[in-house]
Amino acid sequence: MADFNDVSNFQPKTKAYFQKLKSYGSKGVLVKLTQGSAGGSAYVNPSAKEQLINAKAAGLAVGAYHYLQCNSAKYGAADPVNEAKWFVKHLVAYGVSVTAPVVVDVEDSSLMSNATKDVKAFVAYVESQGYKNVWVYTMGSWFGSRLSASLTKNWWIASYGIAKLNIAAAKAWQYTDNWKGLGVDGSHGYEKMFTSSTVSATKPENATYYNWNPKLVQTLTKIGIYKDVEFKHRVRYFKAGTQFKIKNVVKTKAGTPRLLTDSGFYITANRVNVKNWYYVDNPKAVKIIKATYLYKDKDRTSRIRKYGKGTVFTITNVISWGCVWILKTESGYYLTANKDYVKIM
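The numbering of the sequence shown is the numbering used here, which starts it at 0 and goes up by one.
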């Protein structure tokens, strides 16, 4: 039986913190990644990236979880799948392995009806995207009542103040919210939640690469730019935060995707290192964060007027147009989808 921890933005994100957890006997860490959906709360843990990187650097196995808030009875059958899409989008963006444990956290009061049906739809979508180690976390009082015991084989159950968890179906038990006095949740794993590949895998999965042209990316880490697709002739390095316009996605002889830049050089297509800088899925509503124009036409040659920071637009569609992505507003006009200028509400 091995102990592991789960963390959110309330816990530190430093390597030293995760080294401390390991020194106390932790074998792995599950990081809160997302909550809600793109059209809902659209929450992403601001510490998740560093927590995943530093936990792994400390020698801990890593996985991620999503806090579920859907309700198909209230918001429609697509609601749980929309949350699953938000989760998977960020699993891919943060390079979480398809073999790592990925968990849906089922405890929110919004899940008062159709809970089993909604969680089943969420899990099915995540699994359909290639994730092979999907778990359901819930409270002991919900197991077999609000959630059907047949929902999954991978149950992680929370129950405090008892000497033993008497739920035979549970493969993991969260037994404290103050593990070793460190103010972090602690769990026992009855069966291996973390596989050996979760710990040792260092080569990125194919799923972490852009296989489509993002048109504009911003670097998340320091990267090299190369003359050739095989990365044999490096030109120079660029720091995190650098933006590149992308002409196309090309592949090496081995099939690894690379991004061909507007300048004719090549950079990595790995989502751990670069991030698409346009919204490509309909954000439903955006707020201007840097003054920009609204246009009558897709080519953006006919300006209506300039809108300042804080202006909100309802979005009906996202369109790939030329070398950019643009947002179609509720009024039928067009707005940039560049994340430097607009932000999801």
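The C-beta atom is built at its ideal place from N, Cα and C for all residues, glycine as well.
In this text the structure is predicted, and so the values were computed from the model without any measurement.
If you reduce the DSSP assignment to three classes, tell me which class residue i lands in.
| i | result |
| --- | --- |
| K202 | Per-residue confidence for K202 stands at a pLDDT of 37, beneath the threshold of 50, marking its modelled position as unreliable; the derived number appears in the next sentence. DSSP places K202 in coil when its eight states are reduced to three. |
| K247 | According to the sequence shown, residue 247 is Asn rather than Lys. If DSSP states are grouped into helix, strand and coil, N247 belongs with the strands. |
| A37 | coil |
| F345 | This structure gives no information on residue 345, because the portion of the chain shown stretches from 0 to 344. |
| S71 | helix |
| H232 | coil |
| I166 | coil |
| G212 | Strictly speaking, residue 212 in this sequence is Asn, with Gly absent from that position. N212 falls in the coil class under three-state DSSP. |
| T218 | strand |
| N337 | strand |
| S196 | Residue placement at S196 is flagged as unreliable, the pLDDT there being 40, under the threshold of 50; the coordinate-derived value follows with that caveat. Three-state DSSP puts S196 in a helix. |
| Y124 | helix |
| L293 | strand |
| I52 | helix |
| Y174 | strand |
| N81 | helix |
| V95 | coil |
| A157 | strand |
| A76 | coil |
| K252 | coil |
| K342 | strand |
| Y332 | coil |
Once you ignore the five residues that flank residue i on each side, which residues in its own chain have a CB closer than 8 Å to its CB?
| i | result |
| --- | --- |
| K238 | T218, K221 |
| N4 | L20, S25, G27, V28, L29, W178, V183, D184, G185, S186 |
| T260 | I224, F243, K244, I245, K246, I266 |
| V80 | A120, F121, Y124 |
| E229 | T251, K252 |
| V248 | Y209, N210, W211, N212, P256, R257, L258, L259, A268 |
| E329 | F312, T313, I314, T315 |
Going by DSSP, what residues sit across from residue i in a beta bridge?
| i | result |
| --- | --- |
| S319 | W324 |
| G223 | Y236 |
| P11 | None, per the DSSP bridge assignment. |
| L181 | None, per the DSSP bridge assignment. |
| P142 | The sequence shown places Phe at residue 142, not Pro. In DSSP, F142 forms a bridge with L146. |
| W134 | V102 |
| A63 | V30, V101 |
| T207 | According to DSSP, T207 bridges with nothing at all. |
| S46 | In DSSP, S46 forms no bridge with anything. |
| T267 | R257 |
| N275 | V216 |
| F17 | For F17, which the question treats as bridged, DSSP gives no partner whatsoever. |
| T313 | A284 |
| R304 | L293 |
| G188 | A1, A171 |
Going along the chain, which residues of its own chain have a beta-carbon closer than 7 Å to the beta-carbon of residue i, five neighbours each way excluded?
| i | result |
| --- | --- |
| D280 | A37, V317 |
| I166 | G139, F142, I156 |
| T201 | Low confidence applies here, because T201 scores a pLDDT of 33, under 50, leaving its location unreliable and the question unanswered by this model. |
| L150 | T115, V118, K119, V135 |
| V234 | I224, Y225, K226, F264 |
| H232 | Y225, K226 |
| P45 | N8 |
My guess is that residue i and residue j are in contact by the Cβ rule of under 8 Å, so how many angstroms apart are they, rounded?
| i | j | result |
| --- | --- | --- |
| G301 | K308 | Going by the sequence as given, residue 301 is Ser instead of Gly. Contact doesn't hold; Cβ gap of about 23 Å is too wide. |
| Y277 | N337 | 6 Å |
| Q18 | A57 | 5 Å |
| K297 | W320 | 5 Å |
| V103 | Y136 | 7 Å |
| V216 | V273 | 4 Å |
| I343 | A83 | That belief does not hold up - the Cβ atoms of I343 and A83 are roughly 18 Å apart, past 8 Å. |
| Y340 | I287 | 7 Å |
Under 8 Å: does the beta carbon of residue i sit that close to some heavy atom of the ligand ADP?
| i | result |
| --- | --- |
| Y16 | Looking for the ligand ADP in the displayed structure turns up nothing, as the structure carries no ligands at all. |
Once the 5 residues before and after residue i are set aside, which same chain residues still bring their CB inside 6 Å of it?
| i | result |
| --- | --- |
| Y405 | The shown model of the chain, from 0 to 344, leaves out residue 405, and the question about it has no answer. |
| S147 | T115 |
| K55 | V61 |
| Q34 | S40, Y42, Y66 |
| A169 | W154, I156 |
| T335 | T291 |
| V198 | With a pLDDT of 36 at V198, under the threshold of 50, the modelled position of that residue is not reliable, and the figure given next carries that caveat. For V198, where only same-chain residues beyond five positions count, the Cβ hits under 6 Å are A60. |
| G331 | none |
Open item on the list: Assess contact between the region 127 to 136 and the region 96 to 103, defined as three or more Cβ pairs (one per stretch) separated by less than 8 Å. Is contact present?
Closed with: yes
Open item on the list: Using 8 Å as the cut-off, can you tell me whether the region 16 to 23 makes contact with the region 261 to 272, which would need three or more C-beta pairs spanning the two stretches below that distance?
Closed with: no
Open item on the list: Whether or not the region 48 to 57 and the region 3 to 16 are in contact is what I'm after, with contact meaning three or more pairs of Cβ atoms, one per stretch, closer than 8 Å; do they touch?
Closed with: yes
- [ ] Check whether the region 110 to 125 touches the region 61 to 77, taking contact to mean three or more Cβ pairs, one atom from each stretch, closer than 8 Å.
- [x] yes
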